[in-house]
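Working notes, structure below.
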Amino acid sequence: MSSLTTPSRAASLGSVSLGRKIKDRAVQGLVYLAFALALIPLVSVLWTVVGNGAKRLDADFLNHSMNGVSGRDTGGGAYHAIIGTLEQVAIASLIAVPIAVLTAIYLVEYGANGRLARVVSFFVDVMTGIPSIVAGLFVLALWLLTLDFGFSGLAGALSLTILMIPTVVRATEEMLKLVPNELREASYALGVPRWRTILFVVVPTALTGMITGIMLAVARVMGETAPLLLTIFFTKAINTDPLSGPQGSLPTFIWEQAKDPSQNSIDRAWTGALVLILIIMLLNLVARIIAGRRAPTGR
Amino acid sequence: MAKRIEVSGLHAYYGGVHAIEDISMTIEPRSVTAFIGPSGCGKSTFLRTLNRMHEVIPGARVEGKVMLDDEDLYASSVDPVAVRRVVGMVFQRPNPFPTMSIYDNVAAGLKLNGVRRKSQLDEIVEESLQGANLWNEVKDRLGKPGAGLSGGQQQRLCIARAIAVQPQVMLMDEPCSALDPISTLAIEDLIGKLKSQYTIVIVTHNMQQAARVSDRTAFFNIAGTGQPGKLIEIDDTSKIFTNPEQKATEDYITGRFG
């Protein structure tokens, strides 16, 4: 230690070469630049949507449908579309989340790289790559044309389910893998059976991450348009029954309104987009509050 | 409560790897038995065969016999989950459940096995924390997260969690290796206190610790890398540390290798 305090050693410890300082500065600058570049599209989208959408964000928009309103008329609203989107996404989540979470639990806790686990994992990867319109076409072909059910919110929800499952499986799988094996062993060593260990130790530990993954999937499918066009069809009227008849939804509402050349329609489209973003933000916020309350502490 | 363990002709494998070979020994009740030996000699593996935790690892298997009094732990009719309720375990690194409070950590083994009565749980939690010498430090913050305690307190919490399910045998896999000397002393005191009720087996790399806490000591060794670990000898601790039968034991203890 004493040699470190002699003047010559201290001098050589203290100085950083100019070349390293310059490199450090340059890389730091690049990182900030990349961050700024990544923010541009985000800020720009929010700016435009809020700027254009705030105009029609009024009570009329939130509690009126487009029934009897033509493209050129002022007024009208997205009530039917908001109801439709909430119902469709809720049904899709109710179907997709249990299937996906159980699949992930199988893959991580039981599959252990067995043949079945590898096959399931492969097909989850394949499903991740399915274009959303193909999911819509699949439901159209199977549910509507082959099984002969009519257009409905449920049909739309089924196509969203197909899109949700792989994202939730992957997110949940990653979170379950992060749970240290020591916790499983600690539980086994107390004479706790495996299923209770998974239910009361492993899943609660991973829950925050799982909820984040589920919310990302919900946010993603909430904005899907293509599969809904093929499955829920289109209506201007309020249909609160997701089991029968065409239903509205926010993405198809935006698409429909944006097609119309009238400025009043275009305004409605922007407001629809703003409402969609707000709903997704709100859901995210709620999920974060719930997850935050139950997060693992310490360490 | 304490039970005698009799092991005969035990082999353990990880897939194709022969980890420990032909181990036979008797572990006396109401006493502390220490396992010492160089790293990789199979002490921990052998310890884990005593409560069927070895087979939790994919591909791992065991041959041979482990008798707990007159029951064979590896009989085909025996449920490994039931074995672990009788033979508890404390691990090298403190591993309290991060989502649970101090109270819930201690109650975990009971709650997860279906004990729901609050008064009964309260009683056992207090008893177990008292038993682990932790009650006075945590009694005012039972609702706080267990992971917020210091390392030594966490390890005592894990011991409290293990004794809460009222096992007959307590296995400890290097319980002090992640702790400072003061916490180590606290755990060693605790081991001395627990041995009046339990059969205790402790794996340790610290020979002074083995000499301090144990009544009997088993020395394990390995012939070379890739070879299975073997039991060299087991005897009273005083004898192992002063006048061992085997040359290898003496060499290890006197620091000539390992």
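In order, the protein sequence lines correspond to chains A and B.
Counted the way the working numbering counts, the first sequence spans residues 1 to 299.
Counted the way the working numbering counts, the second sequence spans residues 1 to 258.
C-beta atoms are modelled at their ideal positions from N, C-alpha and C, and glycine is treated no differently.
Small disclaimer: the values here were computed from a predicted structure and weren't measured.
Close beta carbons around residue i, own chain, < 6 Å, minus the five adjacent residues each side
i	result
Val302/A	In this structure chain A extends from 1 to 299, so residue 302/A is not present and cannot be described.
Ile133/A	Ala226
Ile162/A	Ala135
Neighbour flag for residue i against chain B, beta carbons, 8 Å
i	result
Pro41/A	no
Val192/A	yes
Thr205/A	yes
Tyr188/A	yes
Arg299/A	Here the model assigns Arg299/A a pLDDT of 40, short of 50, so the residue's position is not dependable, and the following value carries that caveat. For Arg299/A, the answer is yes, since a Cβ of chain B falls inside 8 Å of its Cβ.
Ser2/A	Bear in mind that the predicted position of Ser2/A carries a pLDDT of just 47, short of 50, making it unreliable; the figure below should be weighed with that in mind. Judged by the 8 Å Cβ criterion, Ser2/A is not in contact with chain B.
Val16/A	no
Arg170/A	no
Thr5/A	With a pLDDT of 49 at Thr5/A, under the threshold of 50, the modelled position of this residue cannot be trusted; read the value that follows with caution. For Thr5/A, the answer is no, since every Cβ of chain B falls outside 8 Å of its Cβ.
Leu176/A	no
Glu173/A	no
Leu243/A	no
Leu102/A	no
Glu224/A	no
Sub-8 Å separation of residue i and residue j beta-carbons
i	j	result
Val165/B	Gly88/B	yes
Asp189/B	Phe91/B	no
Gly272/A	His80/A	no
Val139/A	Pro227/A	yes
Thr237/B	Thr217/B	yes
Lys195/B	Ser31/B	yes
Phe241/B	Leu231/B	no
Gly76/A	Met66/A	yes
Met100/B	Gly143/B	no
Ala217/A	Thr167/A	yes
Arg141/B	Ile102/B	yes
Leu183/A	Thr208/A	no
Val127/A	Ile165/A	Inspection of the sequence shows that residue 127/A is occupied by Met rather than by Val. The answer is yes: Cβ separation under 8 Å.
Phe122/A	Thr231/A	no
Val83/B	Leu73/B	yes
Interface flag, residue i vs chain A, CB-CB below 8 Å
i	result
Ala266/B	Within the shown structure, residues of chain B are numbered from 1 to 258, placing residue 266/B beyond reach of any answer.
Arg256/B	no
Asn51/B	yes
Phe91/B	yes
Arg156/B	no
Gln58/B	First, the residue type needs correcting, since residue 58/B is Pro and not Gln in the sequence shown. Yes, because at least one Cβ of chain A sits closer than 8 Å to the Cβ of Pro58/B.
Asn133/B	no
Arg212/B	no
Phe241/B	no
Ala75/B	no
Val62/B	no
Arg141/B	no
Gly151/B	no
Phe46/B	no
Gly15/B	no
Val138/B	no
Val169/B	no
Ala82/B	yes
Val78/B	no
Val165/B	yes
Arg85/B	yes
Sequence-distant residues of the same chain with beta carbon closer than 7 Å to residue i, five excluded per side
i	result
Pro29/B	Ala2, Lys3, Arg4, Thr199
Ala160/B	Val106, Ser128, Leu129, Gly131, Ala132, Leu134
Thr249/B	Phe219, Ile232, Glu233, Ile240
Ser8/B	Ser24, Gly64, Lys65
Ile280/A	Ala219, Met222
Beta-carbon proximity list for residue i, same chain, < 8 Å, skipping 5 on both sides
i	result
Thr235/A	His80, Gly245, Pro246, Gln247, Gly248
Asn304/A	Coverage of chain A is limited to positions 1 through 299, which leaves residue 304/A absent and any answer about it impossible.
Leu10/B	Ile20, Asp22, Ile23, Ser24, Phe46, Thr49, Val62, Glu63, Gly64, Lys65, Val66
Leu229/A	Gly136, Thr252, Trp255
Listed by chain order, chain D residues near residue i by CB distance under 9 Å
i	result
Gly88/B	Judged by its chain identifiers, the structure shown contains no chain D, and its protein chains are A and B.
Query raised in the report: What alpha helix (DSSP H) runs, 4 residues minimum, are completely inside the stretch 163-196 of chain B?
Result: 181-194
**Report entry** Length-filtered (3 minimum) beta strand (DSSP E) runs lying within the stretch 213-242 of chain B
**Finding:** 216-222, 229-236
Query raised in the report: Taking only runs of the alpha helix (DSSP H) that begin and end inside the stretch 15-69 of chain A, which ones reach a length of at least 4 residues, in chain order?
Result: 18-53, 59-63
Query raised in the report: Closer than 9 Å, Cβ to any Cβ of chain B: which residues of the stretch 105-119 of chain A, in chain order?
Result: Ala112, Asn113
Query - Whole alpha helix (DSSP H) elements within the stretch 232-297 of chain A, 4-residue minimum - result: 250-259, 263-293
Report task. Check each residue of the stretch 195-219 of chain A: if its Cβ is closer than 7 Å to any Cβ of chain B, include it; give the result in chain order. Result -> Arg196, Phe200, Val201, Pro204, Thr205
Report task. Mind checking the stretch 99-129 of chain B against chain A and listing, in chain order, the residues whose C-beta falls within less than 7 Å of any C-beta there? Result -> Thr99, Ala108, Gly109, Leu112, Asn113
Report task. Please list the residues of the stretch 26-41 of chain B that have a C-beta atom closer than 8 Å to any C-beta atom in chain A, keeping them in chain order. Result -> none
Query raised in the report: Unbroken beta strand (DSSP E) runs of length 3 or more, entirely within the stretch 24-98 of chain B: which are they?
Result: 32-36, 60-68, 87-90
Query raised in the report: Going along the stretch 179-202 of chain B in order, which residues come within less than 8 Å of chain A, judged by CB to CB distance?
Result: none
Query - Against chain B: residues of the stretch 242-275 of chain A by CB proximity under 8 Å - result: none
**Report entry** alpha helix (DSSP H) segments (min. 4 residues) lying fully within the stretch 72-146 of chain A
**Finding:** 79-105, 115-128, 132-139
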